[in-house]
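Novice: Residue numbers in the sequence shown follow the working numbering, run continuously in steps of one, and reach 163 at the last position.
Just so it is clear, CB atoms sit at the ideal spot from N, CA and C, and this is done for glycine as well.
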Amino acid sequence: MRNKQFVTGIIVAAATLLCSPAVAQDSFVAEAKRYTAHVSRPNPPWDGPTTGPSGQRNKSVIYVSAGQDNGGARGVGQGAAEAAKVIGWHFRLIDGQGTASGRRNALLQAASLKPDGIILGTIDAMEQADVIRGIAAKGIKIVGWHALGKPGPDPDLPIFTNL
C-alpha cells in the first residue's frame, strides 16, 4: 500500500510540474496571438504623417536594382515607379542582373544618364563604394533600400539615407 501511495505521489508531482509551464505559457501565447492579429489586420489605420512637402515636378530618378529576380527589389522598383508617376518624375529602372559586375555597370549607366537621383535597390553600397562616390561627386543624390547594414545616412558614403 505504501508503494502505491508513493507512486501516486510521484505521478501527481510530475503532472503538476509538467502542467505548470504550459499554464504559464498560456498568457504568453495569448499575448502573441493578440499581437499577431493586430499587426496582420488588412488596411490598419494609418498613424503616420498626413502632410509634408510637395514633390518637385519634372525630376528624373533611376532605380538601380541589384537584380530583378529578387522579389523584394522588384516590388520596391514597382513602388518607386508608381510614386514617380504620381509626383511627376521621369522614372527609369536599370537591372544589375544579380552580379557584382552587373550592379557596377548598372550604376555607371545610371550615372551617365545624369538623373537628379538614384535609388539603390538592394545594391551593396560597400561593394560599390567607389562608384557611389563618383556618382555623388557629379551632384547626383543617392538613397538606398537595403543598401547598408542599418537605416539612415552613412558616415562614410554619400548616401542621403538608407531604408
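Taking DSSP's pairing of strands, which residues face tryptophan 145 in a bridge?
Specialist: Paired residues: Gly121.
Novice: What does DSSP give as the partner residues of arginine 92 in its beta bridges?
Specialist: Arginine 92 pairs with Ile62.
Novice: So, helix, strand or coil for threonine 51, using DSSP?
Specialist: Here threonine 51 sits in coil by DSSP.
Novice: Could you work out which residue in Asp116, Ile142 and Pro115 is closest to glutamine 128 when comparing CA atoms only?
Specialist: Nearest C-alpha to glutamine 128: Ile142.
Novice: Assuming contact is defined by CB atoms lying nearer than 8 Å, are isoleucine 159 and alanine 110 in contact in what I supplied?
Specialist: Not a contact, by the Cβ cut-off of 8 Å.
Novice: Quick check on threonine 122: buried or exposed, where buried means 16 or more other Cβ atoms within 10 Å of its Cβ?
Specialist: When all chains shown are included, threonine 122 counts as buried.
Novice: Could you tell me the boundaries of the alpha helix (DSSP H) in which glycine 79 lies?
Specialist: 71-87 is the span of the alpha helix (DSSP H), which, as asked, contains glycine 79.
Novice: Thinking C-alpha only, which one of Ile10, Ile119, Asp69 and Trp46 is nearest asparagine 162?
Specialist: Nearest C-alpha to asparagine 162: Ile119.
Novice: Under 8 Å between the Cβ atoms of lysine 138 and tryptophan 89?
Specialist: Taking 8 Å as the Cβ cut-off, lysine 138 and tryptophan 89 do not qualify as a contacting pair.
Novice: Quick one, are the C-beta atoms of alanine 125 and isoleucine 135 less than 8 Å apart?
Specialist: Not a contact, by the Cβ cut-off of 8 Å.
Novice: Keeping to the same chain, check which residues put their C-beta closer than 8 Å to that of glycine 98; ignore five residues upstream and five downstream.
Specialist: Answer for glycine 98: Ala66, Gly67, Asp69 and Asn70, listed in chain order.
Novice: What would DSSP say about threonine 161, mapped onto helix, strand or coil?
Specialist: Threonine 161 falls in the strand class under three-state DSSP.
Novice: Going by C-alpha to C-alpha distance, which of Gly96, Gly102 and Gln56 sits closest to arginine 74?
Specialist: The candidate whose alpha carbon is nearest that of arginine 74 is Gly96.
Novice: Is it right to say valine 86 is buried, meaning 16 or more other beta carbons lie within 10 angstroms of its own, or is it exposed?
Specialist: Exposed: under 16 other Cβ atoms inside 10 Å.
Novice: Compare the Cα-Cα distances from leucine 113 to each of Ser101, Leu93 and His146 and report the closest residue.
Specialist: The shortest C-alpha separation from leucine 113 is found at Leu93.
Novice: Taking the alpha helix (DSSP H) that glycine 102 belongs to, which residues open and close that run?
Specialist: Looking at the DSSP string, the run of the alpha helix (DSSP H) that includes glycine 102 is 100-112.
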